[in-house]
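Residue numbers (the numbering used here), protein chains in the order written: chain A, 1 to 394; chain B, 1 to 394; chain C, 1 to 166; chain D, 1 to 166. Report on the structure given below.
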């Protein structure tokens, strides 16, 4: 058909269609490098449950929605730890010589954030806690020297890694207590099954110097606190299944629990408003603003996603706003800057949802992959607003 | 609320609701074993493109739709090779010590089909062809002794593995020719860029004994044959982009191409009916029935899925039926028994579609995972109908 | 219905909530029955052999009240057997579920089957009685492929290990 | 629209077919123009700087006529750069695509970026001029992470390496 048309017009097409623009010049393939961190960088861990031995960590620019880079992060994704100045990403990872068989190696891999390449690794005991991803299965000291990795075999312990010297330091037994809540340059807390927290103080070399326990402050049977917590300075805020906030002060001496207060008034509690999700709380430390994913549901819904984020002023303990979400969220994080973004995600939806953290207005949907976004993270405050003293949202 | 109701009725609930059935007995957890192979077992390779270093092979019962077992099959899934009696599954796999970094190991893993466990592995040169999955990146000798793995670096060669002795035998250079089409107990063919096939004959120990080339029988520029092919006895059937069937006879002496014949008549060709897909052809060897996935499309659609399967009698070269599919298929396979099933899949749809291969009537949809089914396979004829001589559909 | 919905449908919360409500009503029913108020909600007790009802490939099956994972029943195993080639975890978490067919509560052991990557089928998450990981014996968030040859998780079972203490 | 549809939308065949049709019409247009039949389909030639048009994050971008993979433009790279921390493949396959903005055909080199697992974004499969793997320099089925530190595939680029021979 075309052949016959062409047959009537035997002029060589290119001979007359030659345009007057200059031809494109030959190009050379290059490799991108990352610029300095933006306060609106967003990090999404993809546990990739259908192929969890091949998990990923994605980096996005929250302003443009553009993907910036990815880390190929081995098996059993939880979250990454970030150097305070964002020079490195430290990632606890699990490997097998035959991916799902053979010899297991657990490591903390060090990634440079300019080249975004693996630049080193530290082998740790092959015991790191795995399962449903948890933000508090690892932590980093405030000065960025030590990374802590939580072990559950189900015996409980913490591995300490010196990322400056790139060496494994020690494994600290923590019977009955687990999860990692950094509380300073040489200290971290853990939650215990008896309703207390335990604080470990480390020597300068990362070995254990001291253990301290809080009095009991929650009832692990009647109304346990979830693992999900946020930090502002010396305080960690824990949340019970029924919506009570338990702040614990780690500013010196033994950990000091503060009197609990409630996210819900009596009517809200009767209406079954509940906290829930994989990582349902976030904080904007500089303004003392708490963000909590909320849903309505009965007992056993403490891990359900929510359609709302309730916003609280930590100083007054008053609810300041309710954000309606475009899509149910299981995990949220808030950027540390003065014009903060709130990023929300759920493993069931392959996308990130970006909101203005002050107004709740939706800014953009970043379509995935990440295919099953689990823990979302933002850059450390110190990396972008020069306030190392103000520990941001974990 | 419930508490107050209960308060009015302080009878212990279980005391009066006690039913008369015997209580359930305590159970012991056990591990299933597979029974003998059924002619309707279906094998689905899941390349799992979003986590391809953690790929899988699923086994289903095509009659019930039940999943029977799974293999965790490392990186870069193509397909598996099956012992003629189905005693073992042999799987070419790629591993890295850090899953996406570190040292690479390519292996053929041996799985027992009773326990469905890995029972051994043979390390092969780390060169196996990867990329879009291809059924013909590996093959097995008719007696099940040797597995062949195709290498593209892009230099071309074939690795020979003795699965009986569980050892790597040799790597045979095959410059200009690639892919694996077994032609007997000690021979295999490859497709070449000059429009020929090359046949390798092996000595009893698996080393190269002889090379033979066919005359040129297709035009690799004007109308190349695709890699996808089916075998009946000594003959392999290749299909050109434009729908020409090139049969090649490997029954003795140099490979003998037969005159080509066409899947399409002139009108069908004008209407742009085309073959297409990842594995668009299958054969029921015992009845000499050819199945081809067909779509309408222009040039460059040779890998598009199709909504129809056209059914041909290989003896008469006549089209016998057109099956309309419930969902577009990219890969098909046909079971070797007298009441054959046709299984169809596409990586874009997480499901397997099972049809009666005689009538085209849809039997069932098996919902995935497999999440991204790529190559589908059926059991060897010898395993279920006792006809080792009748090599079935690859 | 989109694929993720379908993927989630055999799971999860929707089913879990429905189940919770039913369970809730059933408990309420029994309490009222204790006060001699007859309610059709009550399972009708018949004499004889042990009984249970429901579809082990469905997330609302009674034994799954505290499960979180891929159901082995959809993966070549069953509620109390691991698929071929996998290894049962010797330690695990425990839940208490009500068997509506006989009106009794049972202790259920949610052993994982290990040694192969995710089965991926019949994802089911129900959290009745689930507790945070600092109470590991009640936590379904923990990967219980512990004490096995490796910690690679394939699917989850729900094995009756006895009647719950009154 | 379900997720798989969305996943496929930025790919693939639908786009590719549309593009093929457009390309086809454009070629037809040029042939007719050779017979002095003026058609609005023709790109209007303007003098000056090199020109190309379209969205490098879209599968129908002109350079992608023979690509198969995840677009590096959606992964932290661009049509001619690899994302941070990845390694370009030194060998690859070659296609010839028509730049509608200047009416010229160019040779495009589809180098893969390697060393990290699948980016997973902007899956794009177009097979214009693609040939079976026994003609490797024209085959997009081959994983071209060859000659790199490892063969782990992340995404694909589309680099202009010159004008196509007439």
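For glycine and all other residues, C-beta sits at the position ideal for the given N, C-alpha and C. Computed from a predicted structure; not experimentally measured.
Could you name each continuous beta strand (DSSP E) segment of 3 residues or more that falls completely within the region 323-375 of chain A, going from the start of the chain to the end? 331-334, 341-346, 349-356 and 362-367
Whole angstroms is fine: what's the gap from residue 88 of chain A's alpha carbon to residue 111 of chain A's? 5 Å
Could you spell out where the beta strand (DSSP E) holding residue 227 of chain B opens and where it closes? 225-232
DSSP three-state assignment for residue 266 of chain B, whether helix, strand or coil: helix
Should the region 104-119 of chain C be called in touch with the region 273-284 of chain A, which here means at least 3 C-beta pairs below 8 Å? No: fewer than three Cβ pairs fall under 8 Å.
Based on Cα-Cα distance, which residue from A/198, A/146, A/246 and A/46 lies nearest to residue 347 of chain A? A/46
How long is the line joining the alpha carbons of residue 44 of chain C and residue 276 of chain A, rounded to whole angstroms? Its pLDDT being 39, under 50, residue 44 of chain C is placed unreliably in this model, and the coordinates cannot settle the point.
Which listed residue (A/234, A/328 and A/120) has its alpha carbon closest to that of residue 91 of chain A: Checked all of A/234, A/328 and A/120; the closest Cα to residue 91 of chain A is A/120.
Spell out a yes or no on whether the region 202-210 of chain B and the region 244-254 of chain B are touching, meaning 3 or more CB-CB pairs, one atom from each, closer than 8 Å. no
Given that residue 143 of chain D touches chain B, what residues does it touch there, using C-beta distances under 9 Å? 76, 129, 130, 131, 132 and 152
Would you mind telling me which residues of chain B sit closer than 8 Å to residue 119 of chain C, beta carbon to beta carbon, in chain order? 67, 70 and 369
Going along the chain, which residues of its own chain have a beta-carbon closer than 7 Å to the beta-carbon of residue 82 of chain C, five neighbours each way excluded? Correct list, in chain order: 72, 88, 113 and 157.
Kindly indicate the opening and closing residues of the beta strand (DSSP E) around residue 272 of chain A. That residue, residue 272 of chain A, is in no beta strand (DSSP E); it is neither H nor E in DSSP.
Counting only beta-carbon separations shorter than 8 Å, does residue 374 of chain B have a partner in chain A? Judged by the 8 Å Cβ criterion, residue 374 of chain B is not in contact with chain A.
Chain-order list of residues whose beta-carbon lies under 6 Å from that of residue 148 of chain D (same chain, five-residue window excluded): 87, 89 and 114
Run of the beta strand (DSSP E) containing residue 44 of chain B, from where it starts to where it stops: 41-46
Report yes or no: is there a C-beta of chain C within less than 8 Å of the C-beta of residue 117 of chain B? yes
Looking at residue 150 of chain A and residue 128 of chain A, is the spacing between their C-beta atoms short of 8 Å? yes
For residue 46 of chain D, which residues in the same chain have their Cβ closer than 6 Å to its Cβ, ignoring the five residues on either side in sequence? Low per-residue confidence applies at residue 46 of chain D: pLDDT is 49, beneath 50, and the placement is therefore not dependable enough to give any value.
Would you identify the three-state DSSP class for residue 136 of chain A, choosing helix, strand or coil? helix
For residue 41 of chain B, which of B/77, B/27 and B/82 has the nearest alpha-carbon? B/82
Three-state secondary structure (DSSP) of residue 116 of chain B: Of the three classes helix, strand and coil, the one that applies to residue 116 of chain B here is coil, per DSSP.
Residues near residue 33 of chain A in its chain [Cβ-Cβ closer than 7 Å; skip 5 each side]: 114 and 115
Within 10 Å of its beta-carbon, does residue 108 of chain B have 16 or more other beta-carbons around it, so buried, or fewer, so exposed? buried
Where residue 5 of chain C sits in the DSSP three-state scheme: For residue 5 of chain C, the predicted structure reports a pLDDT of 35, less than 50, and the residue's modelled location is therefore unreliable. A value from the coordinates is still provided. Residue 5 of chain C: helix per DSSP, three-state reduction.
Does the pairing of the region 224-231 of chain A with the region 132-143 of chain A give three or more beta-carbon distances under 8 Å? yes
Using a C-beta cutoff of 8 Å, does residue 93 of chain A count as contacting chain D? no
Since residue 308 of chain A is in the beta strand (DSSP E), which residue starts that stretch and which ends it? Counting along the chain, the beta strand (DSSP E) containing residue 308 of chain A begins and ends at 306-313.
Starting from the Cα of residue 60 of chain A, find the closest Cα among A/300, A/367, A/93 and A/336 and give me that residue. A/367
Which residues of the region 35-69 of chain B have a Cβ closer than 8 Å to any Cβ of chain A? Give them in chain order. 48, 50, 51, 52, 53, 54 and 55
Please report the residue range of the beta strand (DSSP E) in which residue 57 of chain B lies. Unbroken beta strand (DSSP E) run through residue 57 of chain B: 56-61.
Own chain, CB closer than 8 Å to residue 68 of chain A, minus 5 neighbours either side, in chain order: These residues qualify, in order along the chain: 34, 41, 59, 60 and 61.
Thinking C-alpha only, which one of A/239, A/125, A/79 and A/174 is nearest residue 407 of chain A? Nothing can be reported for residue 407 of chain A: it is not among the residues displayed for chain A, which extend from 1 to 394.
Distance between residue 217 of chain B and residue 28 of chain A (C-alpha atoms, nearest Å): 40 Å
Below 8 Å between beta carbons is the criterion; list the residues of the region 139-151 of chain B that meet it against any residue of chain D, in chain order. none
Anything in chain B within Cβ reach of residue 101 of chain A, meaning under 7 Å, just list it in chain order. 118
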